[in-house]
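Residue numbers (the numbering used here), protein chains in the order written: chain P, 4 to 117; chain S, 4 to 114.
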């Protein structure tokens, strides 16, 4: 069975600083990986996805993530944080060739301070 | 941009009552899903639906739960006899085989 671990339930950065949100996955078959963002009282919005093409994936709002098979990681980064990035971020995995369900991590709440 | 819409945004129900949560998926999508998020916990898969039948369900999706696509546009989740522990945010999602697109959710509060 696949699973996702997000290290750090809360991350705080200064505006303009690097954002790094960690995600490690466990899957017995090649995975599809996703990052979603959830703003207060809203649904989950897709930030980016990895589907076995390029290992460095660029998403919306300046975010990107790199798939590292050797480390079973898919960390989310953004070079310069903006106040509007404050939200909860979820990493999710879907196995290839199986059902389409997403398995989510526990989420990381990102706080951006002046 | 097309989006998934869910109604109502908040539903308050007495324990033991039936509740129906409604979703309108993106119009050309064929795969539909329900997830739930209990306050402070992670998003959990409930059920997936394709070609007018359930394709996968989790252990959470017991006999109290059912899904239906009553017409060409709606996708519903019914909980037959609600329990306190059903209180959660319920998300509908749809896809065309690619990434899933989520609605804003229905907050279900069981009293």
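Backbone N, C-alpha and C fix where the C-beta goes; we use that ideal spot for every residue, glycine too.
All values reported here derive from a predicted model rather than from experimental measurement.
Can you confirm whether residue i, when its beta carbon is compared against all beta carbons of chain P, has any partner nearer than 7 Å?
i, result
"residue 105 of chain S", "yes"
"residue 62 of chain S", "no"
"residue 19 of chain S", "no"
"residue 75 of chain S", "no"
"residue 4 of chain S", "no"
"residue 59 of chain S", "yes"
"residue 28 of chain S", "no"
"residue 11 of chain S", "no"
Is there a Cβ of chain S sitting closer than 7 Å to that of residue i, yes or no?
i, result
"residue 64 of chain P", "no"
"residue 103 of chain P", "yes"
"residue 109 of chain P", "yes"
Excluding sequence positions up to five away, which residues of its chain have a Cβ less than 8 Å from the Cβ of residue i?
i, result
"residue 61 of chain S", "47, 48, 49, 50"
"residue 67 of chain P", "51, 59, 60, 61, 79, 80, 81"
"residue 20 of chain S", "84, 85"
"residue 90 of chain S", "41, 42, 111, 112, 113"
Take the Cβ of residue i as the centre, count every other Cβ of all protein chains shown within 10 Å, and call the residue buried at 16 or more, exposed below.
i, result
"residue 85 of chain P", "exposed"
"residue 117 of chain P", "exposed"
"residue 103 of chain P", "buried"
"residue 71 of chain P", "exposed"
"residue 11 of chain S", "exposed"
"residue 57 of chain S", "exposed"
"residue 96 of chain S", "buried"
"residue 42 of chain P", "exposed"
"residue 88 of chain P", "buried"
Output needed for residue i: all residues of its chain with C-beta closer than 7 Å, excluding positions within five of it in sequence on either side, in chain order.
i, result
"residue 98 of chain S", "32, 34, 104"
"residue 15 of chain P", "114, 116"
"residue 90 of chain P", "40, 41, 42, 113"
Excluding sequence positions up to five away, which residues of its chain have a Cβ less than 6 Å from the Cβ of residue i?
i, result
"residue 53 of chain P", "36, 60, 70"
"residue 24 of chain S", "80, 93, 109"
"residue 17 of chain P", "116"
Is the shortest distance between the beta-carbon of residue i and the beta-carbons of chain A less than 7 Å?
i, result
"residue 49 of chain P", "In the displayed structure, chain A is absent; the protein chains listed are P and S."
Q. Should the region 24-32 of chain S be regarded as contacting the region 46-63 of chain P, the criterion being three or more beta carbon pairs within less than 8 Å?
A. No, the region 24-32 of chain S does not touch the region 46-63 of chain P.
**Q.** Residues of the region 40-54 of chain S with Cβ closer than 7 Å to any Cβ of chain P, in chain order
**A.** Residues of the region 40-54 of chain S with a Cβ closer than 7 Å to any Cβ of chain P, in chain order: 45, 46, 48, 51.
(Q) Does the contact criterion of 3 or more C-beta pairs under 8 Å hold for the region 7-20 of chain S versus the region 103-111 of chain S? (A) Taking 8 Å as the limit for Cβ pairs, the verdict is that the region 103-111 of chain S does touch the region 7-20 of chain S.
Q.
Please identify, using Cβ separations under 7 Å, the residues of the region 81-97 of chain S that lie next to chain P, in order along the chain.
A. Within the region 81-97 of chain S, the residues whose Cβ lies closer than 7 Å to any Cβ of chain P are, in chain order, 94.
Q. Any chance the region 84-102 of chain S sits against the region 18-28 of chain P, with 3 or more Cβ pairs inside 8 Å?
A. These segments do not touch.
Q | Near-chain S residues of the region 43-61 of chain P (beta-carbon distance less than 8 Å), N- to C-terminal order | A | Per Cβ criterion, the list reads 44, 45, 46, 47, 48, 49, 52.
**Q.** Inter-stretch contact at 8 Å, needing at least 3 Cβ pairs: the region 106-113 of chain P / the region 58-78 of chain P
**A.** No, because fewer than three Cβ pairs between the region 106-113 of chain P and the region 58-78 of chain P fall closer than 8 Å, the two stretches do not touch.
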